[in-house]
Amino acid sequence: AFSPTVHKLLAHSVESIKLNDGYGLGLLAEDALEGTHKELRRAGNHHARMTSSKSHLEDMFVRMWIISDPALRQFRKKKQLRKKTFKKDNEDLLVESFLIQ
Numbered sequence: 002a003f004s005p006t007v008h009k010l011l012a013h014s015v016e017s018i019k020l021n022d023g024y025g026l027g028l029l030a031e032d033a034l035e036g037t038h039k040e041l042r043r044a045g046n047h048h049a050r051m052t053s054s055k056s057h058l059e060d061m062f063v064r065m066w067i068i069s070d071p072a073l074r075q076f077r078k079k080k081q082l083r084k085k086t087f088k089k090d091n092e093d094l095l096v097e098s099f100l101i102q
């Protein structure tokens, strides 16, 4: 039995790519959305007034508007990513056997 993620990858990738006009599915990843949730949570907790719901939402909106500006994003600190080391399990090996030929 496969995990739902592996099932989705193996069973539905081809039809998803066909529905996407033959292009890859990288743009459909949720990483950016998850990062935005993190930024929104930080803006609400640390950079927004807590006087009323309206002022709180206004401050969060303004903060997200500012940090989304491409001219300002170039000055953001880039995080240093650590290399992850992990032992591959059977599911990973099975997925790789389908993808690498």
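With my numbering, letter number 36 in the sequence shown gets 37, and the count goes up by one each step, no holes.
C-beta: ideal position from N, C-alpha, C; glycine also.
From a predicted model like this one, the values you see are computed outputs, not experimental measurements.
Check                                                                                          : Outcome
Contact check, L26 vs I18, beta carbons under 8 Å                                              : yes
Given 8 Å, three or more beta-carbon pairs between the region 64 to 72 and the region 36 to 53 : yes
Any non-hydrogen atom of the ligand MN within 7 Å of L73 CB                                    : As for the ligand MN, it is missing from this structure, which has no ligand bound.
Rounded separation between E31 and S14 - CA only                                               : 16 Å
Inter-residue spacing [alpha-carbon to alpha-carbon] between K55 and A49                       : 11 Å
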